[in-house]
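Below: the structure, in structure tokens.
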Amino acid sequence: MHAAGYKVALLARRADRITALAEELGDNALAIESDVTDRPSLIAAAQRIATELGTADVLINNAGVMLLGPFSPDRRDDYRNMVEVNLLGAITATEVFLDQLTEGGGDIVNVSSVAGRTARAGNGVYAATKWGINGWSESLRQELLPAVRVTLVEPGVVDTELPTHITDEATRQGVQRMYDAATVSPAEVAEVITFALTRPRHLVINEILLRPSDQLG
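If you count the sequence shown from 1, position 190 lands on 468 in the working numbering, and the numbers rise without skipping.
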């Protein structure tokens, strides 16, 4: 997006990574340490963005954790974490930035997952958070049109660190093997998002399902 001329604000809990990326991008890139589960930190980020970059007109909700494994009472902390980050985090970020997005006509991109379309053994709660994102996105689309466009992006396996979050060792090893063979990069997903955002304002791409050409499900 930065290459397409957008000013970008990078929000994440790990400041070192986004600071390095902002330095790599150069002008019009701002790194802000923030946490989608911490509403005050999002409010502070929104205020800083408005001051330093101008009113936000695009919000990409991409924060997520994927804590897969057999359903068990022992993993209730994992379940709460996924709901708070994957679902409530996106809702909170959108609520915080909504006034800026509606001010001049903006875009919300909610990054869901193939798991938002189908659930499998071992990914039930993760899938539930993504199904939640899908349903909420459609409702939000209807409420905010035509001032704000809402796009739902559902990636399949992408070359990211998501498997490293998994606390169930057997599950982690199996998922890691699949991700080690991933052929789709985060940059390619970003290109797809940029394409959707750069369509004329009268046209909105509401939903994008993308995955490696060799991924079955």
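Yeah, the Cβ is synthetic: ideal placement off N, Cα and C, and Gly gets one too.
Pick from the options that is closest to residue i, judged by C-alpha positions
i, options, result
"residue 439", "344, 406, 310 and 321", "344"
"residue 462", "490, 363, 444 and 486", "490"
"residue 456", "467, 442 and 332", "442"
"residue 365", "353, 411 and 337", "411"
"residue 409", "474, 389, 453 and 356", "389"
"residue 384", "478, 291 and 413", "478"
"residue 332", "302, 458, 486 and 323", "323"
"residue 414", "303, 369, 381 and 458", "369"
"residue 338", "350, 321, 387 and 318", "387"
"residue 423", "342, 334 and 382", "382"
For residue j and residue i, the rounded distance between their alpha carbons
i, j, result
"residue 493", "residue 435", "8 Å"
"residue 305", "residue 379", "22 Å"
"residue 347", "residue 400", "5 Å"
"residue 448", "residue 454", "10 Å"
"residue 327", "residue 358", "29 Å"
"residue 391", "residue 367", "15 Å"
"residue 287", "residue 311", "10 Å"
"residue 309", "residue 285", "11 Å"
"residue 349", "residue 394", "18 Å"
Beta strand (DSSP E) segment containing residue i, residue limits
i, result
"residue 433", "426-433"
"residue 467", "Element bounds for residue 467: not the beta strand (DSSP E) but the alpha helix (DSSP H), 464-475."
Span of the alpha helix (DSSP H) around residue i
i, result
"residue 359", "354-360"
"residue 337", "No alpha helix (DSSP H) contains residue 337, which is instead part of the beta strand (DSSP E) from 336-339."
"residue 458", "447-458"
"residue 309", "Not the alpha helix (DSSP H): residue 309 falls in the beta strand (DSSP E), residues 307-311."
"residue 377", "367-382"
Cβ distance (whole Å) where residue i is taken to contact residue j below 8 Å
i, j, result
"residue 475", "residue 336", "6 Å"
"residue 407", "residue 360", "5 Å"
"residue 356", "residue 445", "6 Å"
"residue 495", "residue 396", "7 Å"
* Asked: Between the segment 369-381 and the segment 468-475, are three or more C-beta pairs nearer than 8 Å?
  -> no
* Inter-stretch contact at 8 Å, needing at least 3 Cβ pairs: the segment 472-482 / the segment 427-434 -> yes
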